[in-house]
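Trainee: Here's a structure for you.
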Amino acid sequence: MSADSTSNDISDPLMTYNQILKGIDTVNFPKNIGRAATSLIRRLCRQAPGERLGAQRGVR
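Here UniProt numbering is used: the first residue of the sequence shown is 1, the next is one more, and so on.
Okay, structure coming up:
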């Protein structure tokens, strides 16, 4: 899955479903999205709620 996907890439519901099941770690972000932003997105989108950014100590 690519962060810069177009609507044509998600027209197949089964493909979209399979990409979601693979998880955020399989997403290829465009080079213009920096490492810090990529890391933030990945940490916010963890599958397990307890692993998400802010889940352990709360957001301040």
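Backbone N, C-alpha and C define an ideal beta-carbon position, used for all residues, glycine too. The model shown is predicted, which means the values in this text are computed figures rather than measured ones.
(1) List the DSSP bridge partners of Asn18.
(2) Would you call the region 11-18 and the region 34-42 in contact, with 3 or more CB pairs under 8 Å?
(3) What number of angstroms, rounded off, separates the C-alpha of Arg46 from the C-alpha of Gly54?
Mentor: Checking against the coordinates, here is how it stands:
(1) In the DSSP output, where bridge partners are listed per residue, Asn18 has none listed.
(2) no
(3) 11 Å
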